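Position 214 of the sequence shown, counted from 1, bears residue number 227 in this note's numbering, the numbering being contiguous throughout.
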Amino acid sequence: MANDDSKIDVIKKKKNATFIASSLDNTASAEKIIEYLQANNKKKSKVYTLYSQTVRQRRTTAGKYLVSKHFQLAGHPLNMFSEDWDGGLNSGYFETFPHKSMLPKMISKLKNMDKKDPVTEYMKVKAIWQDTLTDYKRIMSLMSKRHKYEWINDELLHCPKQLVEIAAHFEQNPDPYFESSYNWYYAGHGNILQICIGGFDYLVHSVFSCVYISYFSKYSLALESDCVAKFDCGETLTILETVESQNILALRTKHKIYVLKILESGVSIEIEKIKEMESKLPFTGISFDEYHKNILYVTTLDFNLTIVNIDRMTGRSRQLRGNVKSLVDNWSRVIGSERGYFTHISKNSITLYDKRMNSAFQRWRNLRNITDDVACNDISAACHATDKRLLYLGTDHHLFLMDLRYNKKERNKLKAVQRWTHGMQCLPTYMTVCKFEYDKELVCMSSQWCEDMCVVSNYADRLTRHSDISSVTIPYRPPSILQTLHEAKEKMLCCDLQNPIDNRLCSSITGLSVLEQDDKYQILMQNSLGDVSCHTLCPQYMADFFVDTSTDLLNEWSQSYKREPKELEVSAVVDISNIWKQLKNIPDDYEFGNNRFEKKVCKFNEQEIYDSFAKEQLETGLLDVWTKQNETTKNESNFSLFFCEDDDDDDEK
Numbered sequence: 014m015a016n017d018d019s020k021i022d023v024i025k026k027k028k029n030a031t032f033i034a035s036s037l038d039n040t041a042s043a044e045k046i047i048e049y050l051q052a053n054n055k056k057k058s059k060v061y062t063l064y065s066q067t068v069r070q071r072r073t074t075a076g077k078y079l080v081s082k083h084f085q086l087a088g089h090p091l092n093m094f095s096e097d098w099d100g101g102l103n104s105g106y107f108e109t110f111p112h113k114s115m116l117p118k119m120i121s122k123l124k125n126m127d128k129k130d131p132v133t134e135y136m137k138v139k140a141i142w143q144d145t146l147t148d149y150k151r152i153m154s155l156m157s158k159r160h161k162y163e164w165i166n167d168e169l170l171h172c173p174k175q176l177v178e179i180a181a182h183f184e185q186n187p188d189p190y191f192e193s194s195y196n197w198y199y200a201g202h203g204n205i206l207q208i209c210i211g212g213f214d215y216l217v218h219s220v221f222s223c224v225y226i227s228y229f230s231k232y233s234l235a236l237e238s239d240c241v242a243k244f245d246c247g248e249t250l251t252i253l254e255t256v257e258s259q260n261i262l263a264l265r266t267k268h269k270i271y272v273l274k275i276l277e278s279g280v281s282i283e284i285e286k287i288k289e290m291e292s293k294l295p296f297t298g299i300s301f302d303e304y305h306k307n308i309l310y311v312t313t314l315d316f317n318l319t320i321v322n323i324d325r326m327t328g329r330s331r332q333l334r335g336n337v338k339s340l341v342d343n344w345s346r347v348i349g350s351e352r353g354y355f356t357h358i359s360k361n362s363i364t365l366y367d368k369r370m371n372s373a374f375q376r377w378r379n380l381r382n383i384t385d386d387v388a389c390n391d392i393s394a395a396c397h398a399t400d401k402r403l404l405y406l407g408t409d410h411h412l413f414l415m416d417l418r419y420n421k422k423e424r425n426k427l428k429a430v431q432r433w434t435h436g437m438q439c440l441p442t443y444m445t446v447c448k449f450e451y452d453k454e455l456v457c458m459s460s461q462w463c464e465d466m467c468v469v470s471n472y473a474d475r476l477t478r479h480s481d482i483s484s485v486t487i488p489y490r491p492p493s494i495l496q497t498l499h500e501a502k503e504k505m506l507c508c509d510l511q512n513p514i515d516n517r518l519c520s521s522i523t524g525l526s527v528l529e530q531d532d533k534y535q536i537l538m539q540n541s542l543g544d545v546s547c548h549t550l551c552p553q554y555m556a557d558f559f560v561d562t563s564t565d566l567l568n569e570w571s572q573s574y575k576r577e578p579k580e581l582e583v584s585a586v587v588d589i590s591n592i593w594k595q596l597k598n599i600p601d602d603y604e605f606g607n608n609r610f611e612k613k614v615c616k617f618n619e620q621e622i623y624d625s626f627a628k629e630q631l632e633t634g635l636l637d638v639w640t641k642q643n644e645t646t647k648n649e650s651n652f653s654l655f656f657c658e659d660d661d662d663d664d665e666k
């Protein structure tokens, strides 16, 4: 009886299992599902735990994600659907990129061999200063408080030597406004673009302190080494951004803006300076309005906007909206493409301004709420789509498509309608959009790292179609110029030990441009030393018809790269004794070049065939065919019989 009572107690203590997801409405919106799971003891809900592990936001800079990189974490391509969406996706919803990129090839001549990369050199100076400051702070932390400083009287203060040195080090800060992991001074439109003058194509590209106009043939991809026109800003100034509108050039340096005019006089082309602007604070961006093409927007580090009228050469200033807590890395830019408003883009917000009143009427700051990673998503690039009511945004993890339509009566606000995970290692600093295929557009992104480029195709009729997007394209990463170098070295090309080109090819990227040519697209990239490379995007079915000559062109390009000769010395010898002991002697009678795995043709014995007919192992009707002489036999295949049958009938008649 005691055992029976204990069993009864156990049965009473055991509760009936309840499944929280049993009454869950799978057709409800994601917001209602989350609210339902939170209201039903989310800590014990396996459904909510699974949701948190797959969809919740992450922090790659803390905890277990510290070792992982943000670009190594898988992202979720998102798409905004209408209210009547049933939650289903088509079988081919995730599409692969329909084009293939050939290996990039160099189309420019080697120049500036004795100069260093200005993008990384600027960051190295700042990094060295930061490392020295860290050492000073470590020394000061080890000192006791009484030895740090002491007041001798009201006017005299005794300081230790280390405190004086750290104060002097602070005054030697090369740039108090720059502490970023990438050089955002070069972010924007870049330093390479294509123009057309008098029916001829030219390439405008800026390198160091000079802007060049060179003849360019987009069909043969030939860039002339001798420039047609040139303008020098001065040896101490470096051009950070170049824009053009109606033969008017605008150059941005750190503290100066140059407005130039391209003059065509007969055969020659000249560049004339019209205006020069200067600011104590660094400039962060310049751009021409795509609708009012005579308007130039100039922004500074403190969110101050100068609107320049090129026709009148007058400007007016406007303080842009924003909570500026610090000017350190306070990057922003202004772009305009609509008649009534322009867009101010900062690292964490988008603000629309009325052109007539110069006042903000809509602001979007929900970037952190729609990202997988909380800590590392800052806006670094932006470009309008072919439909100017849409805007593409690039962060260090995602690419967003923004709907800029705003209606106060209907309560329509700015919102993100699509998202991709580009997988780039560095922040995208350059972005361009062009038409692609029939109803799509091509988005190209590039960072300052030579291996970082990503292309995405998307539907251009996002706002005009009546149904939801039927598919989304997975981002495509074309091969880099370093992969071309790797292929060349496998062919024993580009192997000059005295003049290696590895470091040259790793120079920072300072410009991106896309050219459309029939069914192909040419992506031009320029590095900080003036080298221009070209990626060719062609349809998948056409890739086999192209002859890849990129390795040969790279080897030819590298022949002119000469450095000061250095004496090569043996720095180390690897011990290969273990491998040497495993080697065996090759027999003297071994025949090299023979493939042991090649399938050998076995010759048959004719006598065995006749014996098979005699034993009736084979059909006797085939014996006549076997015994025919070679002269009397003919090709009796189905193809030949089809054409010869009518001829035989005609002969009989």
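Glycine is no exception: its CB is placed at the ideal position from the N, C-alpha and C atoms.
For clarity, every value in this text was computed on a predicted model and none was experimentally measured.
#1: Mind checking Val-587: buried by the 16 CB within 10 Å criterion, or exposed?
#2: Are there three or more Cβ pairs, one per stretch, closer than 8 Å when the segment 246-258 is compared with the segment 187-204?
#3: So, are the CB atoms of Ile-383 and Ile-358 less than 8 Å apart?
#4: Between the segment 116-125 and the segment 483-499, do three or more beta carbon pairs fall short of 8 Å?
#5: Would you kindly work out how many angstroms separate the C-alpha atoms of Tyr-554 and Lys-113, rounded to a whole number?
#6: My output table needs one value for Met-153: the three-state DSSP class, helix, strand or coil.
#7: Determine the contact status of Gly-349 and Asp-367, defining contact as a CB-CB distance below 8 Å.
#8: Taking the alpha-carbon positions, what's the Cys-457 to Val-469 distance?
#9: Are Asn-196 and Val-138 close, meaning C-beta to C-beta below 8 Å?
#10: Helix, strand or coil for Asp-565, going by three-state DSSP, please let me know.
#11: Taking the alpha carbon of Gly-105 as the point to measure from, which residue in Phe-413, Trp-433 and Thr-486 has its own alpha carbon closest?
#12: What does DSSP give as the partner residues of Leu-403 in its beta bridges?
#13: Ignoring anything shorter than 3 residues, give me the beta strand (DSSP E) runs that lie fully in the segment 238-280, in order along the chain.
#14: Please classify Gln-572: does DSSP put it in a helix, a strand, or coil?
#15: Given this structure, state the Cα-to-Cα distance separating Asp-561 from Met-115, to the nearest angstrom.
#16: Do Lys-426 and Glu-351 have their CB atoms nearer than 8 Å?
#17: Output the boundary residues of the beta strand (DSSP E) element that contains Thr-5.
#18: Using only the alpha-carbon positions, how far apart do Ser-546 and Glu-450 sit?
#19: For Thr-645 and Ala-627, what's the separation of their Cα atoms in angstroms?
#20: Would you call the CB atoms of Leu-262 and Ile-275 closer than 8 Å?
#21: How many Å lie between Glu-674 and Ser-590 at the Cα?
#22: Measuring CB to CB, does Val-217 end up less than 8 Å from Ile-226?
#23: Residues in its own chain within less than 8 Å of Asp-342 by CB, not counting five upstream and five downstream?
#24: For the candidate residues Arg-381, Ala-501 and Gly-524, whose alpha-carbon lies nearest to that of Ser-563?
#25: Do three or more CB pairs link the segment 307-321 to the segment 332-346 at distances below 8 Å?
#26: So, is Thr-434 buried or exposed, given that buried needs 16 or more other C-beta atoms within 10 angstroms?
#27: Determine the contact status of His-411 and Arg-381, defining contact as a CB-CB distance below 8 Å.
#28: By the 10 Å Cβ neighbour count, where 16 or more other Cβ atoms means buried, how is Cys-507 classified, buried or exposed?
#29: So is Lys-124 buried or exposed if we call it buried at 16+ other beta carbons inside 10 Å?
#30: To the nearest angstrom, report how far apart Thr-266 and Gly-298 are at their CA atoms.
#31: Comparing C-alpha positions only, which one of His-479, Leu-155, Leu-250 and Asp-324 sits nearest to Asp-668?
#32: Three-state secondary structure (DSSP) at Val-217?
#33: On the criterion of 16 or more Cβ atoms from any shown chain inside 10 Å, does Arg-151 qualify as buried, or is it exposed?
#34: Looking only at its own chain, which residues have a Cβ that is under 8 Å from the Cβ of Ser-372, when we skip the five neighbours before and after it?
#35: Can you grab the Cα-Cα spacing for the pair Asp-481 / Thr-109, in whole Å?
#36: Have a look at Lys-533 and Pro-111 and give me their C-alpha separation to the nearest angstrom.
Let me lay it out:
#1: exposed
#2: yes
#3: no
#4: yes
#5: 9 Å
#6: helix
#7: no
#8: 7 Å
#9: no
#10: helix
#11: Thr-486
#12: Asp-416
#13: 242-245, 254-258, 261-265 and 269-278
#14: coil
#15: 7 Å
#16: no
#17: The displayed coordinates of the chain run from 14 to 666. Any statement about residue 5 would go beyond what the structure contains.
#18: 24 Å
#19: Summary for Thr-645: the model assigns pLDDT 46, below 50, so the residue's position carries little reliability; its value from the coordinates is reported in the next sentence. Roughly 24 Å between the two C-alpha positions.
#20: yes
#21: Limits of the chain in this structure are 14 at one end and 666 at the other, which puts residue 674 out of reach.
#22: yes
#23: Tyr-190, Phe-191, Glu-192, Ser-193, Trp-197 and Lys-360
#24: Ala-501
#25: yes
#26: buried
#27: no
#28: buried
#29: exposed
#30: 10 Å
#31: Shown here, the chain extends from 14 to 666; a query on residue 668 therefore has no answer.
#32: strand
#33: exposed
#34: Tyr-366
#35: 19 Å
#36: 12 Å
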